[in-house]
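> The numbering of the sequence shown is my numbering, which starts it at 25 and goes up by one.
Cβ coordinates follow ideal geometry from the N, Cα and C atoms, glycine included.
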Amino acid sequence: MSIPNAKFIWFNGRIVKFEDAKIHALSHCVQYGSGVFEGMRCYETHNKKRNIFRAVEHFRRFHQSANTYYMKIPYSIDELIEATKSVIKENDFKECFIRPWAGFGLGALGLNPKNNPVDVVIAAFYWGKYLGEDALEKGIRAMTSSWSRINQRILPTTAKASGHYLNSMLAKREALERNFDEAIMLNIDGYVAEGSGENIFMVKSNKIITPPISSGCLPGITRDAVMQIAKKYGYQVYEENLTRDMLYHADEVFFTGNAAEITPVVQIDHMRIGNGTPGNVTKDLQDKFFKIIRREIDEFNEWMTIF
Ligand SMILES: Cc1ncc(COP(=O)(O)O)c(C=O)c1O
Numbered sequence: 025m026s027i028p029n030a031k032f033i034w035f036n037g038r039i040v041k042f043e044d045a046k047i048h049a050l051s052h053c054v055q056y057g058s059g060v061f062e063g064m065r066c067y068e069t070h071n072k073k074r075n076i077f078r079a080v081e082h083f084r085r086f087h088q089s090a091n092t093y094y095m096k097i098p099y100s101i102d103e104l105i106e107a108t109k110s111v112i113k114e115n116d117f118k119e120c121f122i123r124p125w126a127g128f129g130l131g132a133l134g135l136n137p138k139n140n141p142v143d144v145v146i147a148a149f150y151w152g153k154y155l156g157e158d159a160l161e162k163g164i165r166a167m168t169s170s171w172s173r174i175n176q177r178i179l180p181t182t183a184k185a186s187g188h189y190l191n192s193m194l195a196k197r198e199a200l201e202r203n204f205d206e207a208i209m210l211n212i213d214g215y216v217a218e219g220s221g222e223n224i225f226m227v228k229s230n231k232i233i234t235p236p237i238s239s240g241c242l243p244g245i246t247r248d249a250v251m252q253i254a255k256k257y258g259y260q261v262y263e264e265n266l267t268r269d270m271l272y273h274a275d276e277v278f279f280t281g282n283a284a285e286i287t288p289v290v291q292i293d294h295m296r297i298g299n300g301t302p303g304n305v306t307k308d309l310q311d312k313f314f315k316i317i318r319r320e321i322d323e324f325n326e327w328m329t330i331f
């Protein structure tokens, strides 16, 4: 994705022009990555309304990530949702990607930003398929990264914090340089954690397995949605430690995330997964997921912010 194609951004309580959403070069977050953020999507429903998927859960995680870093976001979840609706409407989007962000602003430049202001931004812009236009249909190729996923003894892995993404960036870049589409990151104990920006699942003999949060993966909101949808439709779902070779021998592997949605993985390293095409369980979950989001299936209403 290149520069977002939006006209307006919500910036510290006001809608401003895209080019006016600026923070100072010496802001704490610019110097140290001391920000937190979210990613979520607004979808058009089958009857032409807008639906922000799991806005409450995303803003709850936004607050939690901030709290972990001693940062107080000066807006409630309800206020943030209203702000998001306003920036989507102002830009006249039906479907879009939403990027809330908060960070320590200009003030002390040392490592204690206690008295620095907190800047809060909500951007909305069009963003297609994160892993390529035909990724959801055809699947992607992933490599096991030489970088380990950040570890709970070093950084709080349940927080979605800007600085954490230097780790993901290295893994992603390495994978692309080697002509793969995405990286799979192991934790420092060698168990599978997740992708550089997605959670990971495997299917073996119709059982669906994903690493536990204690693997160091982000507690993904799409991960949770897919687990709940799968259970509702009768699949057995487990959270278990996985090794890279368990993935090699899976029937199916897929990534989940607000950006990746449900993306099949058809090759890992030198190994073809299953028959090398997206599997039936993955396709079934994709189908249910999008029908639920577009409100063609009237379930999980509590996940929707319709307007
Ligand atoms: C590192 C990482 N893991 C997993 C995910 C998926 O999380 P979610 O489903 O909440 O988007 C994301 C994206 O937010 C991510 O950046």
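Just the C-alpha distance for E68 and L133, rounded to the nearest angstrom, thanks.
The straight-line gap separating the alpha-carbon atoms of E68 and L133 is approximately 43 Å.
> Say the cut is 6 Å; is the CB of N325 nearer than that to a heavy atom of ligand 1?
no
> Nearest-angstrom Cα distance between K72 and Y93?
In this model, K72 and Y93 are separated by some 39 Å (Cα to Cα).
> Between the beta-carbon of I122 and the beta-carbon of A90, is there less than 7 Å?
A90 is positioned such that its CB atom lies no closer than 7 Å to that of I122.
> In or out: D143 buried (at least 16 other Cβ within 10 Å) or exposed?
buried
> Can you list, in chain order, the residues of its chain whose CB lies under 6 Å from that of A159, leaving out five sequence neighbours each side?
Only K153 and T287 meet the Cβ criterion.
> Tell me where the alpha helix (DSSP H) around M226 begins and ends.
Secondary structure note for M226: it is in no alpha helix (DSSP H), and the uninterrupted beta strand (DSSP E) holding it is N223 to K228.
> Do the stretch 190 to 201 and the stretch 164 to 175 meet, that is, are 3 or more Cβ pairs less than 8 Å apart?
The stretch 190 to 201 vs the stretch 164 to 175: in contact.
> Compare the Cα-Cα distances from K255 to each of F204, L309, N223 and D205 and report the closest residue.
L309
> Rounded to a whole number of angstroms, what is the C-alpha to C-alpha distance between A274 and I101?
39 Å
> Put E320 into one of helix, strand or coil per three-state DSSP.
coil
> Residue ranges of each beta strand (DSSP E) run of no fewer than 3 residues wholly in the stretch 184 to 218, ordered along the chain?
206 to 210
> Spatial neighbours of F61 within its chain, please: C-beta separation below 7 Å, excluding the five flanking residues on both sides.
R123, P124, W125, K184 and S186
> Taking the C-alpha atoms as reference points, what is the distance between Y99 and E106?
10 Å
> For Y67, write down the residues that DSSP places opposite it in a beta bridge.
N75
> Is it true that the stretch 46 to 63 meets the stretch 78 to 88, where meeting means three or more beta-carbon pairs spaced less than 8 Å apart?
In short, these stretches touch, since the Cβ pair count reaches three.
> Return the chain-ordered list of same chain residues with a C-beta closer than 7 Å to the C-beta of T301, the five sequence neighbours on each side being excluded.
G163 and V290
> Given a cut-off of 7 Å on the beta-carbon distance, is the pair I39 and E103 in contact?
no
> Please report the straight-line C-alpha distance between D205 and G156, rounded to a whole angstrom.
9 Å
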